[in-house]
């Protein structure tokens with residue numbers, strides 16, 4: 001296979017030259033991102049500088065569509081290169097792999113059909129500690145893997161023999177192809193595999209999933225772009241902030257539209273002025289005749305009610321019938337805004353103030369990653385398709401069958417009973433004293449079964465189909481039918497008429513009415529002063545007329561496979577939720593009515609090239625980007641791509657070009673002491689504290705006694721020492737971990753003592769520190785009804801909030817090296833998650849050595865008397881002392897004058913159980929003057 005780019009190519013190092021080479025090498029072949037990846041040798045993969053001279057800075061404005069798409073192409077390739085490199089570097093301790101049961105080549109070159117053995121569940125029994133761990137792995141489409149004959153040991157194993165380094169990509173799985181057997185997949189390999197014997201063992205070792213990268217790659221394909229919506233994309237190439245729409249937000253709206261969608265809704269949802277202005281401004285886009293500025297930016301700093309504002313906007317769009325797509329970078333963010341809208345919908349529904357159904361709202365994606373609960377399953381596409389398919393659309397058990405069966409029973413119960421009896425007698429023709437149920441029993445049993453099925457079917461139809469799909473008359477008939485069936489069932493149960501009378505009743509002819517009365521009240525179809533027989537006659541008449549009408553005038557689509565049901569739901573829904581990446585699937589669906597409005601939540605966390613996926617969906621006319629460029633940006637692994645601006649969001653780029661941002665300017669989360677520093681350093685003091693955080697009960701909240709545990713504290717831990725995990729990839733500080741765990745324990749005891757509910761979050765920028773704290777915290781608080789603790793990275797806490805946040809900064813060195821802790825966006829997120837208390841653990845000397853955001857924070861804490869030394873607190877002092885012993889930090893112990901060993905607290909000599917074994921214990925004995 002020819003190389004798309006390798007370290008041996010030296011003719012043109014420029015980015016334009018590289019892209020030209022991709023286009024011209026073979027005009028008849030369209031190269032995919034996976035093909036480019038497959039072309040790299042192992043040497044290429046581990047060459048960090050492979051694309052160093054080929055990736056150029058992404059500009060803020062662009063000269064053409066080709067220039068725009070091309071600016072992202074090479075950084076995407078480099079990001080893919082770095083992703084593969086880091087994954088292969090971790091090959092020796094890969095925990096996701098599975099053994100193949102068989103592998104066979106297909107007719108297509110380089111494509112193979114594989115069957116994997118049932119994934120192992122539990123720990124690998126390998127003796128190598130570095131290789132021990134969970135090894136269950138279920139391949140997914142677009143997974144990139146290494147095919148090897150041995151279990152993962154070391155990256156060098158990949159170059160030991162000719163067959164070692166073979167990359168593969170899963171191209172078809174059971175989720176995308178119904179004709180595949182159990183545990184069967186179709187894969188494409190990077191080169192031909194010589195299968196010598198079917199008995200040879202092979203392992204596929206998971207490296208990374210390429211789904212999002214492949215979708216971005218396709219969105220950057222100029223040939224495909226010609227078939228997509230380029231209206232908004234073309235306006236993004238060279239944005240000019242001086243071009244503004246001449247109309248004001250409200251003047252673009254008709255008075256009726258404004259009344260229906262804005263005024264009424266906003267007043268009852270208790271929005272502040274900035275939130276109301278945002279919703280009005282966004283809604284105005286739908287009535288504006290000016291398309292010069294189709295994108296609006298909503299600036300939502302932490303705690304300012306961004307999700308509340310978004311859900312209110314979505315409800316107004318839903319009420320107006322505007323088809324809207326709502327995206328976000330992550331599953332968590334999508335679920336959060338979808339959940340908020342659904343809760344809002346249920347409140348409005350209970351009050352009778354909505355003219356749409358649950359079926360108008362759809363959330364789709366990976367159910368496992370989205371953690372769909374019972375409540376959200378009502379709007380989740382997979383669950384909805386399953387309900388519709390099983391209850392309403394199957395030919396033997398669905399709507400047509402049930403309605404037809406109910407009509408047949410109400411018209412021909414007598415003949416049905418005769419066939420039923422004849423069948424029983426035929427089966428038991430040689431038996432004596434055969435018991436046969438009475439006509440009354442037969443009718444009641446059969447009716448109750450069909451009525452239950454019909455009720456279930458109607459319920460699913462009314463909830464899971466869009467309201468626009470069900471005509472108003474049919475919707476009313478369905479509700480009347482359900483009520484009539486319940487009352488008629490009760491009369492059948494309590495009826496004391498003979499079999500003959502009931503049979504005569506069911507044999508009577510029911511004429512079609514000249515006009516069906518939609519105003520009919522089921523309860524008035526019956527008269528308590530009439531005989532039971534008369535009421536049964538009336539009930540059967542009305543019920544049969546309505547069911548006949550439903551049968552004639554309402555039909556469901558003739559589809560019976562899951563994929564078609566999902567497409568049908570997406571074509572008809574009014575509001576759709578998914579990640580920006582998942583919206584790629586909407587390109588292949590021919591909508592009955594186009595999606596007009598696009599809302600991107602957490603837009604500042606989405607790479608601009610990824611935002612192109614939903615922006616190119618056919619029909620999109622207006623876009624609202626909601627975010628905050630001072631919070632977490634998109635994750636970029638490659639430093640080369642990062643320096644080129646590959647992680648920059650469209651929100652950030654437009655903001656830097658002068659696009660006006662509608663600011664949500666009141667925060668409702670943080671104690672004023674917590675919000676003060678972020679507000680002054682990131683938001684120019686433009687954010688006000690809401691009334692709820694200024695009330696005495698919020699201001700005086702105190703969970704632990706002592707000066708360290710006020711609403712805002714920097715707790716200086718001088719004796720901490722940073723280290724790395726066993727793989728040397730992430731940093732940790734065991735002293736800070738011990739202090740964090742000790743504070744959590746103190747909070748738990750306080751919560752138990754007062755029966756006060758308390759949520760605690762422990763945050764750190766480093767994964768290794770998260771693991772270290774989790775090990776110390778353990779699961780001892782999991783069963784508490786009053787106390788919860790979450791230990792996560794900063795990225796894991798984006799969008800979350802807790803009563804108390806403990807932030808472990810980790811870095812503790814003599815050079816003042818802070819790494820990505822200097823990233824102001826991550827710092828801002830970490831500082832704005834707490835509601836009542838924020839306690840920062842860190843080393844003052846390290847963090848303030850150089851001028852950066854942390855030196856400013858420490859200076860601010862000292863000015864506000866919020867700076868405290870951990871050594872001054874007796875409990876933390878003892879915790880640090882013990883942690884130093886456990887960590888072999890004896891030099892720290894030698895200098896711990898501030899531990900007050902001889903001043904305010906006397907420590908007993910530690911027992912042998914508290915000392916580390918071996919050399920640590922010997923050195924402690926030599927320095928016994930400590931005690």
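Residue numbers (full-length UniProt numbering): 1 to 931. Every residue gets a Cβ at the ideal spot worked out from N, C-alpha and C, and that includes glycine.
Straight-line CA distance for residue 812 to residue 694?
Taking the chain shown and counting its residues from 1, one reaches residue 812 at position 812. Taking the chain shown and counting its residues from 1, one reaches residue 694 at position 694. So the alpha carbons of these two residues sit roughly 36 Å apart.
Taking residue 439 as part of the alpha helix (DSSP H), name the residues at either end of that continuous run.
Here the question's residue 439 lines up with position 439 in the chain shown. Unbroken alpha helix (DSSP H) run through residue 439: 439-464.
Can we say the region 560-572 touches the region 292-303, given the rule of at least three CB pairs closer than 8 Å?
In this structure the region 560-572 does not touch the region 292-303; the number of beta carbon pairs closer than 8 Å is below three.
So, at 7 Å on beta carbons, what are the nonlocal neighbours of residue 902 in its own chain, with the 5 sequence-adjacent residues on each side left out?
Stepping through the chain shown from its first residue, residue 902 is reached at position 902. Unreliable placement is indicated for residue 902, whose pLDDT of 37 sits below 50; the coordinate value is still reported in the next sentence. Contacts found: none.
Which first and last residues belong to the alpha helix (DSSP H) in which residue 609 is found?
Numbered from 1 along the chain shown, position 609 holds the residue referred to as residue 609. Following the DSSP letters along the chain, one finds residue 609 inside the alpha helix (DSSP H) bounded by residues 608-615.
Does the distance from the CB of residue 467 to the CB of residue 611 come in under 8 Å?
Within the chain shown, numbered from 1, the residue matching residue 467 stands at position 467. Within the chain shown, numbered from 1, the residue matching residue 611 stands at position 611. Taking 8 Å as the Cβ cut-off, residue 467 and residue 611 do not qualify as a contacting pair.
Classify residue 328 as helix, strand or coil using the three-state DSSP reduction.
Your numbering for residue 328 matches position 328 in the chain shown. If DSSP states are grouped into helix, strand and coil, residue 328 belongs with the strands.
Reference residue 36, options 858, 796, 58 and 74, closest by Cα
Sequence index remark: in the chain shown, residue 36 carries index 36 (1-based). Looking at the Cα atoms, 74 is the closest of the given residues.
Tell me whether the beta-carbon of residue 322 lies closer than 8 Å to the beta-carbon of residue 286.
Along the chain shown, one-based indexing puts residue 322 at 322. Along the chain shown, one-based indexing puts residue 286 at 286. Yes; because the gap between Cβ atoms is below 8 Å, this pair is in contact.
So for residue 590, helix, strand or coil by DSSP?
Locating residue 590 in the chain shown gives position 590, where the first residue counts as 1. In the structure shown, residue 590 sits in coil (DSSP, three-state: anything other than H, G, I, E or B).
Is it buried or exposed for residue 199, if we count other Cβ within 10 angstroms and need 16 for buried?
Taking the first residue of the chain shown as position 1, residue 199 is located at position 199. Looking at its Cβ environment, which holds fewer than 16 other Cβ atoms inside 10 Å, residue 199 is exposed.
Burial state of residue 727 (16 or more Cβ within 10 Å)
By one-based count along the chain shown, residue 727 stands at place 727. Exposed is the label assigned to residue 727, since fewer than 16 other Cβ atoms lie within 10 Å of its Cβ.
Am I right that residue 213 and residue 169 are in contact with their C-beta atoms under 8 Å? What's the rounded C-beta distance?
Position 213 of the chain shown, counting from 1, holds the residue named residue 213. Position 169 of the chain shown, counting from 1, holds the residue named residue 169. That belief does not hold up - the Cβ atoms of residue 213 and residue 169 are roughly 12 Å apart, past 8 Å.
Segment contact flag, the region 426-438 with the region 367-383, C-beta cutoff 8 Å, min 3 pairs
Contact annotation: the region 426-438 does not touch the region 367-383, with fewer than three C-beta pairs closer than 8 Å.
Take the Cβ of residue 949 as the centre, count every other Cβ of all protein chains shown within 10 Å, and call the residue buried at 16 or more, exposed below.
What is shown of the chain runs 1 to 931, which leaves residue 949 out entirely.
Is it true that the CB of residue 856 sits closer than 8 Å to the CB of residue 681?
Along the chain shown, one-based indexing puts residue 681 at 681. Along the chain shown, one-based indexing puts residue 856 at 856. The beta carbons of residue 681 and residue 856 sit closer together than 8 Å.
Supposed contact pair residue 546 and residue 480 - C-beta distance, whole angstroms, cut 8 Å:
Reading the chain shown from its first residue, position 480 is the one you call residue 480. Reading the chain shown from its first residue, position 546 is the one you call residue 546. Taking C-beta atoms under 8 Å as the contact rule, residue 480 and residue 546 qualify, at a distance of about 6 Å.
Spell out a yes or no on whether the region 86-98 and the region 223-237 are touching, meaning 3 or more CB-CB pairs, one atom from each, closer than 8 Å.
Per the Cβ contact rule, the region 86-98 is not in contact with the region 223-237 (fewer than 3 Cβ pairs under 8 Å).
Considering only residues of the same chain and omitting the five flanking positions on each side of residue 742, which have a CB-CB separation below 7 Å?
As a first step, residue 742 is located in the chain shown; it is residue number 742 there, counting from the start. Excluding residues within five positions, the ones whose Cβ falls inside 7 Å are 875, 876 and 879.
Classify residue 731 as helix, strand or coil using the three-state DSSP reduction.
Stepping through the chain shown from its first residue, residue 731 is reached at position 731. Of the three classes helix, strand and coil, the one that applies to residue 731 here is strand, per DSSP.
Does the beta-carbon distance from residue 96 to residue 137 come in below 8 Å?
Here residue 96 corresponds to residue number 96 of the chain shown, with the count starting at 1. Here residue 137 corresponds to residue number 137 of the chain shown, with the count starting at 1. Closer than 8 Å, so yes.
Status (buried if at least 16 other CB within 10 Å, exposed otherwise) for residue 464
Residue numbering aside, residue 464 sits at position 464 when the chain shown is read from its first letter. Per the 10 Å Cβ criterion, buried.
How would you label residue 925, buried or exposed, when you count the other beta carbons within 10 angstroms and need 16 or more for buried?
Taking the first residue of the chain shown as 1, we reach residue 925 at position 925. In this predicted model, residue 925 has a pLDDT of only 37, less than 50, meaning its place in the structure is not dependable enough to derive any value.
Would you mind stating whether residue 505 and residue 540 have Cβ atoms separated by less than 8 Å?
The residue labelled residue 505 in the question sits at position 505 within the chain shown. The residue labelled residue 540 in the question sits at position 540 within the chain shown. In this structure, residue 540 lies closer than 8 Å to residue 505 by Cβ.
Take every Cβ of the region 641-655, pair it with every Cβ of the region 57-77, and state whether three or more of those distances are shorter than 8 Å.
Contact annotation: the region 641-655 touches the region 57-77, with at least three C-beta pairs closer than 8 Å.
Compare the Cα-Cα distances from residue 627 to each of 397, 689 and 648 and report the closest residue.
Taking the chain shown and counting its residues from 1, one reaches residue 627 at position 627. Checking every option, the nearest Cα to that of residue 627 belongs to 648.
C-alpha gap between residue 70 and residue 217, whole angstroms
Taking the first residue of the chain shown as position 1, residue 70 is located at position 70. Taking the first residue of the chain shown as position 1, residue 217 is located at position 217. Taking the straight line joining both Cα atoms gives about 10 Å.
In chain order, what residues of the same chain lie with their CB nearer than 7 Å to the CB of residue 274, ignoring the 5 residues before and after it?
What you label residue 274 is simply residue 274 of the chain shown in a count that begins at 1. Shown here for residue 274: same chain residues with a beta carbon closer than 7 Å to its own, the five before and five after excluded, namely 663, 664, 665 and 666 in chain order.
Coil, strand or helix - residue 932 by DSSP
The question about residue 932 has no answer, for the chain in this structure spans 1 to 931.
Are there 16 or more other CB atoms within 10 angstroms of the CB of residue 711, so buried, or fewer, so exposed?
To locate residue 711, count along the chain shown from 1; it is residue 711. The residue in question, residue 711, is buried, as its Cβ has 16 or more Cβ neighbours within 10 Å.
Out of curiosity, what's the CA-to-CA distance linking residue 351 and residue 345?
As a position in the chain shown, residue 351 is number 351, starting the count at 1. As a position in the chain shown, residue 345 is number 345, starting the count at 1. Taking the straight line joining both Cα atoms gives about 10 Å.
Distance between residue 639 and residue 144 (C-alpha atoms, nearest Å):
As a first step, residue 144 must be located in the chain shown, where it is residue number 144. As a first step, residue 639 must be located in the chain shown, where it is residue number 639. In this model, residue 144 and residue 639 are separated by some 22 Å (Cα to Cα).
Tell me whether the beta-carbon of residue 652 lies closer than 8 Å to the beta-carbon of residue 604.
Looking up residue 652 in the chain shown gives position 652. Looking up residue 604 in the chain shown gives position 604. Annotated as proximal: residue 652 and residue 604, with beta-carbon spacing under 8 Å.
Report yes if the CB atom of residue 152 is closer than 8 Å to the CB atom of residue 116, and no otherwise.
Counted from its first residue, the chain shown places residue 152 at position 152. Counted from its first residue, the chain shown places residue 116 at position 116. Cβ atoms of residue 152 and residue 116: not closer than 8 Å.
Are the CB atoms of residue 842 and residue 677 nearer to each other than 8 Å?
As a position in the chain shown, residue 842 is number 842, starting the count at 1. As a position in the chain shown, residue 677 is number 677, starting the count at 1. No.
Count the other CB atoms within 10 Å of the CB of residue 773; is the residue buried (16 or more) or exposed (fewer)?
Taking the chain shown and counting its residues from 1, one reaches residue 773 at position 773. The residue in question, residue 773, is buried, as its Cβ has 16 or more Cβ neighbours within 10 Å.
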